[in-house]
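Have a look at the structure below before the remarks.
2 protein chains.
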Amino acid sequence: MALKVQKFGGTSVADIDRIKSVADRVTKSYDQGDRVVVVLSAMAGVTDKLISLAESASSSPDSRELDVLLATGEQTTAALLAMILKDRGYTATSLLGFQAGIITDHSAGKARILDIEANRITALLEKKHIVVVAGFQGRDEDGNITTLGRGGSDTSAVAIASAIKADVCEIFTDVDGVYTTDPRICSKARKINKISYEEMLEMAILGAKVLQIRSVEFAKKYNVPVHVRSSFNEEEGTMVVNESADMESVVVSGVTCDKNEARITLKKVPDQPGISATIFGALADANIMVDMIIQNTRSGGETDVTFTVTKSDFKKACEISEIVAKEIGATDVLTAENIAKVSVIGLGMKSNSGVAATMFKALASENINIRLISTSEIRISCVVEAKYAELAVRVLHTAFGLDMEEM
Amino acid sequence: MALKVQKFGGTSVADIDRIKSVADRVTKSYDQGDRVVVVLSAMAGVTDKLISLAESASSSPDSRELDVLLATGEQTTAALLAMILKDRGYTATSLLGFQAGIITDHSAGKARILDIEANRITALLEKKHIVVVAGFQGRDEDGNITTLGRGGSDTSAVAIASAIKADVCEIFTDVDGVYTTDPRICSKARKINKISYEEMLEMAILGAKVLQIRSVEFAKKYNVPVHVRSSFNEEEGTMVVNESADMESVVVSGVTCDKNEARITLKKVPDQPGISATIFGALADANIMVDMIIQNTRSGGETDVTFTVTKSDFKKACEISEIVAKEIGATDVLTAENIAKVSVIGLGMKSNSGVAATMFKALASENINIRLISTSEIRISCVVEAKYAELAVRVLHTAFGLDMEEM
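As you go down the protein sequences, you meet chains A and B in turn. Taken in order, the first sequence gives residues 1 to 407; the numbers are from full-length UniProt numbering. Taken in order, the second sequence gives residues 1 to 407; the numbers are from full-length UniProt numbering.
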């Protein structure tokens with residue numbers, strides 16, 4: 001008997017039959033004595049369809065009105081699930097974001113949750129209702145409808161779990177949990193049973209799509225135990241929880257690969273104060289997010305500056321770099337689109353000094369050249385040529401002892 | 001320069017191009033200096049699609065949750081129109097029923113408006129916004145989403161017009177206005193320039209689909225001038241207004257025809273107190289609405305009781321009548337499905353005694369037999385065989401001088 005938030009994503013509510021399977025799942029928990037709040041996404045594909053519709057109305061749809069439109073997606077699935085539950089004789093009530101008391105800031109399209117006024121949810125739970133909340137949406141302090149951005153239903157679920165002090169927030173998805181790496185790249189990938197918020201956050205940032213980044217930040221901040229598991233079977237998935245002593249015995253928990261970046265190098269930049277500010281100020285003015293930045297020392301008062309941006313910003317970043325290069329007297333701008341960022345992540349790095357060496361040795365053993373390196377407290381990332389990305393993932397997976405044991 | 005509510009129905013917002021035409025219409029008024037509140041229905045067909053979706057989830061969808069689902073229809077069109085208006089540089093804001101302050105009772109699916117808290121609408125109007133309200137929906141006092149039933153957007157529009165003291169409530173539709181009769185039946189039907197609330201109400205009740213009955217009741221109660229006009233052209237339509245002296249010069253304003261009823265007769269019912277109560281009590285217990293009731297006096301302490309019900313209730317009403325007939329000792333139950341109710345409506349009847357005679361004479365001139373007659377202060381209805389319905393409409397239209405003059 002537990003207080004649970006259960007979140008189901010778009011593929012889990014893709015059609016009426018799938019929503020009926022969600023109802024099976026939810027009522028099973030309820031019948032076991034659990035109190036359940038269900039958080040739903042829109043049916044798979046619906047949000048994209050609504051965006052297309054908006055784009056046929058306006059080339060740049062007004063963000064407030066786009067939120068009003070997009071909110072219909074989760075409204076639909078929440079109403080349908082509540083109907084199915086009531087049809088089966090359960091007491092259930094759907095709540096839209098504003099009814100569930102999800103208060104956000106005014107940033108239409110990517111609103112941040114400021115507060116959850118959970119009194120209506122808790123009152124319904126006390127009356128033994130299954131509460132079905134439309135995810136992804138809230139309202140700002142003026143009563144406007146807002147949405148939380150892609151994957152926002154994860155954040156809705158974690159935030160509600162935090163507000164009602166749920167025992168667990170279960171995120172049902174189309175995979176079995178969080179894996180040591182992408183199983184499509186490495187057949188020996190293993191499901192991770194338990195992972196810390198910090199590691200999960202690094203993995204989400206580095207492209208593991210299983211949880212939205214902000215939902216992990218929220219879970220970490222409010223210490224909400226998150227259980228990532230499959231909506232297709234009853235297996236235990238991955239628990240995302242606070243760091244604990246036993247976790248540090250594992251040096252590396254996962255390996256990720258991100259092919260969504262491109263590299264730009266400004267050659268022979270004068271090594272003077274303020275030059276970096278000029279380069280990255282110009283990029284920031286154009287709203288371009290820079291990921292890695294490396295500055296190599298050269299002789300003769302000159303240096304090379306290299307950085308990476310997402311592929312979608314690449315063209316614009318190149319144009320700006322050419323202009324800035326002339327301005328500051330850099331000799332050349334070199335670019336590379338065919339790169340991949342391969343990373344190893346693990347809490348154990350904090351107390352283990354040999355991780356970088358192991359990583360570089362493993363890559364060298366396959367003659368994979370490292371172009372850029374960056375590190376955080378629990379992560380090491382190397383940029384390599386894109387064609388080596390999958391090989392790099394597999395060799396690192398083996399090198400850090402992550403391979404699944406043969407059955 | 002006027003304060004206007006403009007309501008557009010499903011065919012007027014059927015797709016993005018049609019919604020753009022609505023934007024043309026609205027901005028034209030706005031550019032002329034009018035302050036405008038727009039009320040929209042869902043795209044034509046969408047409400048039916050949502051009902052089918054609900055029926056695939058549950059054989060009898062919960063009414064509260066059905067309202068949550070159906071409300072997405074008007075939410076979609078309101079957001080899209082607001083986007084288009086903003087795209088064209090106008091300040092515009094969409095409001096859902098609950099945001100527009102439309103407070104209803106708790107009757108999900110057929111809620112009645114209790115109050116309009118129009119302060120948000122008026123504040124936006126003062127800031128020169130075009131306010132786009134999702135029709136058909138409101139919220140009850142507990143914050144649940146409710147809907148107003150079929151055609152409810154008309155009622156939303158009239159209620160808002162009343163609350164903000166609009167100069168006029170324009171109902172844009174796919175016809176040019178209210179006609180003296182159905183132009184598909186009678187080619188000489190004329191558009192009525194001005195009609196009283198009372199007449200419009202009778203015509204709506206008798207099957208003229210141009211305005212929802214409750215919207216007319218609302219307009220009458222709060223004295224809201226309603227302008228029914230085409231969304232496809234700029235012609236003046238029909239003004240629905242308070243009764244005025246000049247209206248009584250026209251004896252009959254319109255002729256209607258309703259084929260949606262069926263007739264049941266109980267033969268030789270004992271002419272005793274309480275017998276009618278037994279018959280109609282049993283029908284009422286089964287939630288069957290009875291329209292006309294006629295009791296013919298017969299000799300020998302017996303009488304025939306005839307009544308009409310809608311065709312959808314006919315089968316059930318027959319079963320109940322058979323049971324009741326046995327109970328009370330009636331000899332027979334006769335039924336007729338192929339009937340039509342032809343009515344003439346006009347304020348002028350109040351002060352004109354010859355209307356019934358003219359009606360009966362006109363029908364007799366074509367050998368149309370009258371099976372039942374009922375009257376109100378401003379209406380006379382005759383039930384005739386269905387095959388004569390169109391002929392009856394045309395002959396009455398001519399007899400009361402309604403025919404369009406030849407060009």
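Beta carbons are placed, not taken as given, at the ideal position from N, Cα and C, and that holds for glycine.
Could you say which of the options lies nearest to residue i if we only look at CA atoms?
i      : options                           : result
B:D31  : B:S41, B:T47 and B:R88            : B:R88
A:S374 : A:N367, A:A389, A:K311 and A:A356 : A:A356
B:R334 : B:M359, B:K267, B:D48 and B:I320  : Looking at the sequence shown, residue 334 of chain B is not Arg but Leu. Comparing Cα positions, the closest option is B:K267.
A:F98  : A:R64, A:A79 and A:E141           : A:E141
B:A386 : B:L363, B:I339 and B:L372         : B:I339
A:A262 : A:E327, A:L372 and A:L124         : A:L372
B:K341 : B:V384, B:A317 and B:D304         : B:V384
A:G346 : A:V309, A:K311, A:A159 and A:D246 : A:D246
A:K28  : A:A100, A:I130 and A:R120         : A:I130
B:M43  : B:V26, B:D34 and B:A79            : B:A79
A:K221 : A:E243, A:T306, A:I102 and A:G177 : A:E243
B:G33  : B:L124, B:I51, B:K128 and B:I113  : B:K128
A:A219 : A:I160, A:D176 and A:T180         : A:I160
A:L96  : A:T358, A:K110 and A:L81          : A:L81
Would you say residue i lies against chain A (beta-carbon separation less than 7 angstroms)?
i      : result
B:M83  : yes
B:K86  : yes
B:D68  : Note that residue 68 of chain B corresponds to Val in the displayed sequence, not to Asp. So, interface residue.
B:A44  : no
B:I121 : no
B:G138 : no
B:T72  : yes
B:T27  : no
B:L40  : no
B:E65  : yes
B:Q272 : no
Compute the Euclidean distance between the alpha carbons of residue i and residue j, then round it to the nearest angstrom.
i                      : j      : result
B:N352                 : B:V251 : 7 angstroms
B:N260                 : B:S321 : 19 angstroms
B:S94                  : A:L283 : 36 angstroms
A:D403                 : A:D182 : 12 angstroms
B:Y90                  : A:S60  : 14 angstroms
residue 417 of chain A : A:T147 : What the structure shows of chain A is the stretch from 1 to 407, and residue 417 of chain A is not part of that stretch, so it cannot be assessed.
B:V5                   : B:I213 : 18 angstroms
A:N193                 : A:T238 : 5 angstroms
B:P270                 : B:S215 : 42 angstroms
A:V13                  : A:M1   : 26 angstroms
A:A364                 : A:V36  : 51 angstroms
B:K191                 : A:E117 : 55 angstroms
B:R379                 : B:A389 : 17 angstroms
A:S162                 : A:Y197 : 15 angstroms
B:G73                  : B:G45  : 10 angstroms
A:T122                 : B:T47  : 32 angstroms
A:V305                 : A:A330 : 10 angstroms
A:T265                 : A:C257 : 22 angstroms
A:I294                 : A:D332 : 16 angstroms
Assuming the contact rule is C-beta atoms closer than 8 angstroms, residue i and residue j should be a hit. Round their C-beta distance to whole Å, please.
i      : j      : result
B:L3   : B:D167 : 5 angstroms
B:I171 : B:A157 : 7 angstroms
A:E55  : B:K86  : Not a contact, Cβ separation roughly 14 angstroms.
B:V22  : A:Q75  : Not confirmed; about 23 angstroms, so no contact.
A:G101 : A:N119 : 7 angstroms
Is residue i close to chain B, meaning its C-beta is less than 7 angstroms from at least one C-beta of that chain?
i                      : result
A:S107                 : no
A:S94                  : yes
A:G89                  : no
A:L124                 : no
A:G143                 : yes
A:A57                  : yes
A:T76                  : yes
A:I16                  : yes
residue 409 of chain A : Since the displayed chain A opens at 1 and closes at 407, residue 409 of chain A lies outside it and no answer follows.
A:I80                  : Reading off the sequence shown, one finds Leu at residue 80 of chain A, where the question assumed Ile. Answer yes: the Cβ-Cβ gap between A:L80 and chain B drops below 7 angstroms somewhere.
Mind listing the chain E neighbours of residue i? Cutoff is C-beta to C-beta under 7 angstroms, in chain order.
i     : result
B:P61 : No chain E is present in this structure, whose protein chains are A and B.
- Query: Counting Cβ pairs, one atom from each stretch, are 3 or more of them under 8 angstroms apart for the segment 147 to 156 of chain B and the segment 126 to 138 of chain B?
  - Reply: yes
- Taking contact to mean at least 3 C-beta pairs separated by less than 8 angstroms, is the segment 180 to 190 of chain A in contact with the segment 383 to 397 of chain A? yes
- Query: Are there three or more Cβ pairs, one per stretch, closer than 8 angstroms when the segment 272 to 286 of chain B is compared with the segment 219 to 236 of chain B?
  - Reply: no
- Query: Below 8 angstroms, can you find three or more Cβ-Cβ pairs linking the segment 314 to 328 of chain B to the segment 285 to 293 of chain B?
  - Reply: yes
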